[in-house]
Each structure stands twice: as structure tokens, then as C-alpha cells.
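Following: one structure in C-alpha cells, then a few remarks.
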Amino acid sequence: MKLKNKVIVITGSGSGLGKCLASKVAREGASVALVARTEKELKEVKKQIEKDAGTAEYFICDIRDLSQIKRTVKKIFQQFKNVDILINNAGIWSDDELEKKDPERRKLTLETNILGNINFTYQFLPYFKKRNQGYIFNVISSAGYESTSSSNVFWKTYGASKWAMTGFTKAVRDELQKTKIKVTGFFPGGFDSMLYEKSKRPYSHNQPWMMKTDDVADIIVFALTRPDDVLMERIVVSKIA
Numbered sequence: 000m001k002l003k004n005k006v007i008v009i010t011g012s013g014s015g016l017g018k019c020l021a022s023k024v025a026r027e028g029a030s031v032a033l034v035a036r037t038e039k040e041l042k043e044v045k046k047q048i049e050k051d052a053g054t055a056e057y058f059i060c061d062i063r064d065l066s067q068i069k070r071t072v073k074k075i076f077q078q079f080k081n082v083d084i085l086i087n088n089a090g091i092w093s094d095d096e097l098e099k100k101d102p103e104r105r106k107l108t109l110e111t112n113i114l115g116n117i118n119f120t121y122q123f124l125p126y127f128k129k130r131n132q133g134y135i136f137n138v139i140s141s142a143g144y145e146s147t148s149s150s151n152v153f154w155k156t157y158g159a160s161k162w163a164m165t166g167f168t169k170a171v172r173d174e175l176q177k178t179k180i181k182v183t184g185f186f187p188g189g190f191d192s193m194l195y196e197k198s199k200r201p202y203s204h205n206q207p208w209m210m211k212t213d214d215v216a217d218i219i220v221f222a223l224t225r226p227d228d229v230l231m232e233r234i235v236v237s238k239i240a
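In numbering that gives the first Met the number 0, the protein residues as written are 0 to 240.
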């Protein structure tokens, strides 16, 4: 699939991987619907894309709120008329012992990483089914592909949220297997995005186990641009020693 003239919706596109990915697909000729909670970040991403002669519009939305999701999706279709690709990238990371974890933080993690992405997807499914085409690309995590190691035993809530998205992704793919709608689960290991900083945990960029955000975004663009009859169902990436 060539991305030129395609409309791509990217959640969590105000910073980190979403921001990087938005710039890359815009350079491929796609029109980008930027979705995130923080208007200041969205404005900056839109400005940079347009500076590079790309096309983007931004939509402020907290995906934990179903009413906001519905309003946002309505605005997206009013602006772009059609949507070709939905990239569910929004998510938060948490790293605490379950027993000591702030219940509100646990709720935030689950509502964002599971319900937010599921509800956003459901707003596009009828449209994709009617057209019998479209692409749902779920950015999950390696934490939703394999059990966390002994060094990561504090990832309980985060890991649970990602395993839930793994199951949801497979269920949607199975439901749509007789259609021309693609569904991909993307399982990256750690990379140097803003995910860790926003969690307020003591991680910094350039850890030896981190991939580059730019490299991770390139892999997604590669997957999106495969031929229409080729589906990459599961993509697992990590940094080698």
C-alpha cells in the first residue's frame, strides 16, 4: 500500500513514537489526523508537518472518555471524509508493585491502555466494514507478547493491560478474516520515547536496552506499506546485545 493520499489517524501523536510516526507518514504523502490530550504538543506536531509540506489536523481527545472519542471521530470524518488507517498508539507506562500501587494510577493505566484503545477502534469498525477495507494497527508492547522477566516483576498492571490488547487484537482479526481489513499487533521492546518520562519514573534516554524511536517508527511504516494482499499479523521487535 502506498501512503500517498491516504488518511491516517494516530492516537497518542503529541509526543514520542506517535509524533515521530506522524512526521514519517506525512512525508510519504499521507494526511494525518493527530489525536492526543495536550493541545500544545499537537500544535507543535502539526506545525512541523506543515513546515515539511505535509498535511495534518489535530484533535484533542482523552481516549478514556467515550463521549470525547465519539465527538473526535465525528470531527475527523467531517474534516477528512474518509479514513484508511487507524493506528492505536496511545498508552501510558507504569512500573510499581501492585500491592503498593496508587489505585488511581492503576485505573488510569487500565482505562487508557485497554478501554481507550478498544472504544476508539469500535468507532471505526462499522466504517471499515462498510467499505470492506481499512487497516487497524495496534501498538502494544513486548509486555503483551511474553511474560515479564524477573527483573520486571513490577509491571503487573501494565503487563495485564497489554495482554488484554493482544487478546482484543486477535479477536478483531479473527472476526475480520473474511474481509479485506487488515489488523496488526505490534510488540516493540523498550525504546527512547517519552513514555518513561511521563510515568515520572527514574529512567533516562539512551539506556543500553532501548531502541531508537526513529527505528521503531520506520518498522511501522514498512508494515503499512506492504502490498494490499499481504498482512503482517504480529510484529515483535527488540534490540540485540
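Where is the CB? At the ideal position from N, CA and C, for every residue including glycine.
field: Buried or exposed by the 16-neighbour rule on C-beta atoms within 10 Å, applied to residue 35
entry: buried
query: Is DSSP giving residue 255 helix, strand or coil here?
result: Outside the displayed range of the chain (0 to 240) lies residue 255, so it cannot be described from this structure.
query: Among the residues of its own chain, which have a CB less than 6 Å from the CB of residue 233, if the five just before and after it don't count?
result: 184
message: Looking at the strands, I want to know which residues DSSP matches up with residue 39.
response: Paired residues: none, contrary to the question.
- prompt: Quick one: what does DSSP say residue 231 is sitting in, helix, strand or coil?
  reply: coil
Given 8 Å, three or more beta-carbon pairs between the region 166-186 and the region 129-139: yes
field: DSSP state of residue 224 mapped onto helix, strand, coil
entry: coil
message: I believe residue 86 touches residue 20 by the beta-carbon criterion, under 8 Å. Please report the beta-carbon distance rounded to the nearest angstrom.
response: 7 Å
field: residue 137, enclosing beta strand (DSSP E) - first and last residue
entry: 133-138
- prompt: In chain order, what residues of the same chain have a beta carbon less than 6 Å from the beta carbon of residue 78, not counting five sequence neighbours either side?
  reply: 56
DSSP three-state assignment for residue 177, whether helix, strand or coil: coil
Cβ neighbours of residue 59 in the same chain (closer than 6 Å, five flanking residues each side left out): 38
query: By Cβ distance below 6 Å, which residues in the same chain neighbour residue 118 in space, the five residues on each side in sequence not counted?
result: 65, 68
message: Assuming residue 171 and residue 111 are in contact, meaning their beta carbons sit under 8 Å apart, how far apart are those beta carbons, in whole angstroms?
response: At roughly 19 Å, the Cβ-Cβ gap does not stay under 8 Å, so residue 171 and residue 111 are not in contact.
field: Terminal residues of the beta strand (DSSP E) in which residue 56 lies
entry: 54-59
- prompt: So what does DSSP say about residue 82, is it helix, strand or coil?
  reply: coil
- prompt: Span of the alpha helix (DSSP H) holding residue 120?
  reply: 116-130
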